[in-house]
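S.K.: I'd like to ask you about the structure that follows.
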Amino acid sequence: MKIFVGDQMYNTKLGTYCWKGLMSHKCVDNAGAIELLKGEEPIVVQPNEKIEIRVKSNLKPDEYNLTVLNEEAEKSVKIKKYIFSAPKEKGIYYYAFSAWWMDENRQNISNGDAYYAFVLKVE
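Throughout the sequence shown, residue numbering follows full-length UniProt numbering, covering 1 to 123 in sequence.
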C-alpha cells in the first residue's frame with residue numbers, strides 16, 4: 001500500500017495480515033501502528049490536505065477502514081474512494097488502514113485481510 005500526497009508517493013508499514021490461498025493459509029502477527037512506526041519519519045502534510053491511499057493488488061479490498069490513533073484511543077476517519085483529509089490541527093498523527101478481501105460465495109468469510117500503518121506530521 002502506498003500513500004500519495006499530491007504527486008509524491010510514500011511507503012507504509014505492513015502490520016498483521018492473513019491470506020488464504022488454494023493450498024495454504026498464512027497469517028503474520030505484528031505490533032500495533034504506534035509501535036510499528038517507531039523511528040519512522042512522518043509524512044509531512046498541510047492542514048486539510050487531501051491524501052490518497054493506493055492498494056498494490058490486482059483486487060481492490062471489498063471493505064476497508066481508516067483509523068487515527070494515539071496511546072489512549074482510536075477514532076474512525078472519514079474516507080471516500082480511498083481519499084481522506086489530513087487533520088486541521090498541527091501535530092503527529094498515527095494511522096491504521098485495515099482492508100478485507102471477502103469470499104464471493106460465503107457470506108462474512110474473508111479470503112484475506114491486511115493492516116497497514118503510517119504516520120503524518122501536520123505543519
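Backbone N, C-alpha and C fix where the C-beta goes; we use that ideal spot for every residue, glycine too. If you're wondering where the values come from, they're calculated on a predicted model, not measured in any experiment.
Classify Val28: buried if its beta carbon has 16 or more other beta carbons within 10 angstroms, exposed otherwise.
M.R.: Val28 comes out exposed.
S.K.: Judging by CA-CA distance, which residue of His25, Glu89 and Lys13 is the nearest neighbour of Lys38?
M.R.: Of the listed residues, the one whose Cα sits closest to Lys38 is Lys13.
S.K.: Three Cβ pairs or more, each shorter than 8 Å: is that satisfied between the region 105-117 and the region 71-90?
M.R.: Cβ pair count under 8 Å is below three, so no.
S.K.: At which residue ranges does the region 9-87 contain complete alpha helix (DSSP H) runs of 4 or more residues, listed in the order of the chain?
M.R.: Segments of the alpha helix (DSSP H) lying fully in the region 9-87: 33-36.
S.K.: For Met23 and Val55, I'd like the C-alpha separation in whole angstroms.
M.R.: One C-alpha to the other measures close to 24 Å.
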